């Protein structure tokens with residue numbers, strides 16, 4: 524399918540349907556679990572390690588990581604509880620009554636997923652959407668990561684490693700926000716099918732104008 528059914532206006536974005544809303548709730552709760560486990564790890568580590576520069580840097584990096592995770596779980600839970608349109612950023616602003624939704628790769632993927640559920644219900648067609656696959660893979664990955672943060676029986680997975688990992692994950696997600704997400708805002712050529720690959724090629728300046736999903 525070529526990109527010929529684009530979503531260009533916020534009026535084309537439907538309210539979250541039940542399947543995505545459930546995935547959003549699961550994602551938000553997984554992120555909440557990760558923040559709780561990380562806070563526990565930080566307390567256990569820094570109650571006895573507060574003297575060296577590397578310990579201070581670990582504190583700063585893990586504090587940044589948990590702060591961004593807290594932002595994300597608040598945003599996702601707001602989407603689920605208040606049934607909000609849009610991506611995590613607009614969900615937080617809408618939840619605080621200070622912003623509007625915008626067209627971006629995340630809101631378009633969500634819109635396509637919701638439109639397919641409206642037309643086909645919970646079906647194999649819904650599971651084939653990019654939005655469904657990304658939400659499911661993301662949720663499972665977060666659950667695996669939450670388990671990783673609790674591991675204390677493998678020598679090389681130390682407390683500092685677990686604390687640094689939360690900073691690394693948050694940094695990568697924030698880097699995505701600053702690059703692909705920002706690049707995708709207010710575009711008129713997104714349809715919710717293969718948009719990440721399409722945008723990455725555009726961002727890097729490779730590939731042709733027509734992209735097949």
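Numbering (the working numbering), first residue to last: 524 to 736. No residue lacks a Cβ here, since even glycine has one placed at the ideal position from N, Cα and C. Small disclaimer: the values here were computed from a predicted structure and weren't measured.
Beta-carbon gap between residue i and residue j smaller than 7 Å
i, j, result
"residue 564", "residue 682", "yes"
"residue 669", "residue 557", "yes"
"residue 599", "residue 582", "no"
"residue 756", "residue 679", "Look at the range of the chain in this structure, 524 to 736, and you will see that residue 756 is not part of it."
"residue 550", "residue 624", "no"
Nonlocal neighbours in the same chain, by C-beta distance under 7 Å from residue i, ignoring five residues either side
i, result
"residue 629", "610, 704"
"residue 711", "529, 531"
"residue 732", "Because residue 732 sits at a pLDDT of 47, beneath the cut-off of 50, its placement in the model cannot be relied upon, and the point is left open."
"residue 697", "591"
"residue 648", "639"
"residue 709", "625, 626"
8 Å Cβ shell around residue i - same chain, five flanking residues per side excluded
i, result
"residue 666", "553"
"residue 641", "537, 540"
"residue 727", "none"
"residue 535", "634"
6 Å CB neighbourhood of residue i in its chain, flanking five on each side removed
i, result
"residue 685", "564, 672"
"residue 588", "689, 690, 693"
"residue 658", "546"
"residue 544", "603"
"residue 555", "596"
"residue 559", "none"
Proximity test, residue i beta-carbon vs the ligand MG heavy atom, cut-off 6 Å
i, result
"residue 645", "Absence of the ligand MG is noted for the structure shown, with no ligands found whatsoever."
Cβ-based burial, residue i [other Cβ within 10 Å; buried from 16]
i, result
"residue 627", "buried"
"residue 585", "buried"
"residue 528", "exposed"
"residue 637", "buried"
"residue 707", "buried"
"residue 490", "Lying before the first or after the last residue shown, residue 490 is absent from the chain, which here runs from 524 to 736."
"residue 714", "buried"
"residue 650", "exposed"
"residue 724", "exposed"
Give a yes or no on contact between the region 630 to 640 and the region 648 to 660, applying the rule of three or more CB pairs nearer than 8 Å. yes
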